[in-house]
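Each step along the first sequence adds one to the number in this note's numbering, with nothing skipped, and position 188 is 239. Here a beta-carbon is modelled for each residue, glycine too, at the ideal position from N, C-alpha and C.
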Amino acid sequence: MLREGSLDYPTLVGKSIASTQVLWERTLAFPGVVEFYARLPGQTITDIGRRGKFLMILLSLDTLLLHLRMSGDVRVEAQEMPIALHDRLLVNFDDGLRLVFNDTRKFGRVWLVGDAREILGNLGPEPFDDELTPLEFYRRLHTTRRQLKPLLLDQSFLAGLGNIYTDESLHLAHLHPLTPANEVSPDQAERLLGAIHQILEDGIRHNGASIDWVDRGGGFQNYFRVYDRAGEPCPECGSSIQRMVVGQRGTHFCPTCQPLT
DNA sequence: CACGAGACCTGTTCGC
DNA sequence: TGCGAACAGGTCTCGT
52 MLREGSLDYP
62 TLVGKSIAST
72 QVLWERTLAF
82 PGVVEFYARL
92 PGQTITDIGR
102 RGKFLMILLS
112 LDTLLLHLRM
122 SGDVRVEAQE
132 MPIALHDRLL
142 VNFDDGLRLV
152 FNDTRKFGRV
162 WLVGDAREIL
172 GNLGPEPFDD
182 ELTPLEFYRR
192 LHTTRRQLKP
202 LLLDQSFLAG
212 LGNIYTDESL
222 HLAHLHPLTP
232 ANEVSPDQAE
242 RLLGAIHQIL
252 EDGIRHNGAS
262 IDWVDRGGGF
272 QNYFRVYDRA
282 GEPCPECGSS
292 IQRMVVGQRG
302 THFCPTCQPL
312 T
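Listed below in structure tokens is the structure:
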């Protein structure tokens, strides 16, 4: 994970791009390789940001957007380093360093656009946006009868939650994954928003989760309440955690703490 | 509008 | 031991 300005990485702000190299063409979602190669060199990084699951690298003219999807990762290293297995795209700076986009499963994507809203425009609100009050969250839930699990995964409803964080949040809020959104009470909506906040904070504090060979250094997997714990006791009541498939996604919940009423 | 299936990919794990 | 199937943090497209 990119920790801008931390001890792990030198700050990227101010760096000038000298060249770029696309090693797996489909990683580049927009524009085509020819235009990407022509447009990126000469631009300087002015700021770093995030919106939903997108990393934003703001440049003097354009914005570079990165989405890690399932197995993507970003690192900064000297250009003399050998190309690693599954490196998909390189951005070389004029100071000898480079930013590397590595992605085993090739699901990750990179965009270079003049206006980031072209790509980010359909995203829902940030979970920590001050304007997303419990009441506003309740109102949004009541605009649909979709089940909570797939709804929370829908980035146009709420930006940033993935499969792990959705299961963990629903368990902490004591809400069944199949609950129709428009049947959630104001109290339950407030509890769910609070749970989402707490789970995200926990995940961030532990630098995210490491599963299988996708290890970005995080330890959140040691604190999962229900995710990937089917058959194990619920941390709250001891009931056996259940696994089911909802919208083709593995879904983990406690049948006692999260009853479907 | 809402949902399910299939596609895109590689690597690990599990069952036989 | 070997081999194929199932499965995995995400998202898009298509058909019903």
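Take the alpha-carbon of Pro-284 and the one of Tyr-278: they are about 12 angstroms apart. Burial is judged here by how many other beta carbons sit within 10 angstroms of a residue's own beta carbon; Val-296 has fewer than 16 and is exposed. Here Ala-240 has Pro-185, Phe-188, Tyr-189 and Leu-192 as same chain residues with Cβ atoms under 7 angstroms from its own Cβ, once five neighbours each way along the sequence are excluded. In the structure shown, the three-state DSSP call for Gln-239 is helix. Between the segment 165 to 172 and the segment 196 to 203 there are fewer than three inter-stretch CB-CB distances shorter than 8 angstroms, so the stretches are not counted as touching. Residue pairing from DSSP places Ile-108 in a beta bridge opposite Ile-99 and Leu-115. Separation of Glu-252 and Asp-218 (C-alpha to C-alpha, rounded to the nearest whole angstrom) is 15 angstroms. Straight through space, the alpha carbons of Arg-256 and Asp-266 are spaced by roughly 16 angstroms. Out of Gln-293, Gly-282 and Gly-123, the CA that lies nearest to the CA of Pro-228 is found in Gln-293. Around the beta-carbon of Pro-133, fewer than 16 other beta-carbon atoms lie within 10 Å, marking it exposed.
Residue ranges of uninterrupted beta strand (DSSP E) with 3 or more members, entirely inside the segment 158 to 230 and ordered along the chain, are 160 to 164. Relative to the Cα of Ser-70, the nearest Cα in the group Lys-104, Leu-150, Gly-268 and Leu-174 belongs to Leu-150. DSSP places Ala-89 inside the alpha helix (DSSP H), whose first and last residues are 84 to 90. DSSP places Leu-244 in the helix class (H, G or I) of the three-state scheme. Scanning its chain for C-beta atoms nearer than 6 angstroms, with the 5 sequence neighbours on each side dropped, one finds around Thr-230 the residues Leu-199, in chain order. Assigned with DSSP and collapsed to three states, Thr-62 falls in coil, not helix or strand. Between Val-142 and Gly-268, the alpha-carbon positions lie close to 23 angstroms from each other. The Cβ atoms of Leu-174 and Gln-206 sit closer than 7 angstroms to each other.
Counting only residues of its own chain and dropping the five nearest sequence neighbours on each side, Leu-106 has a CB closer than 6 angstroms to the CB of Leu-117.
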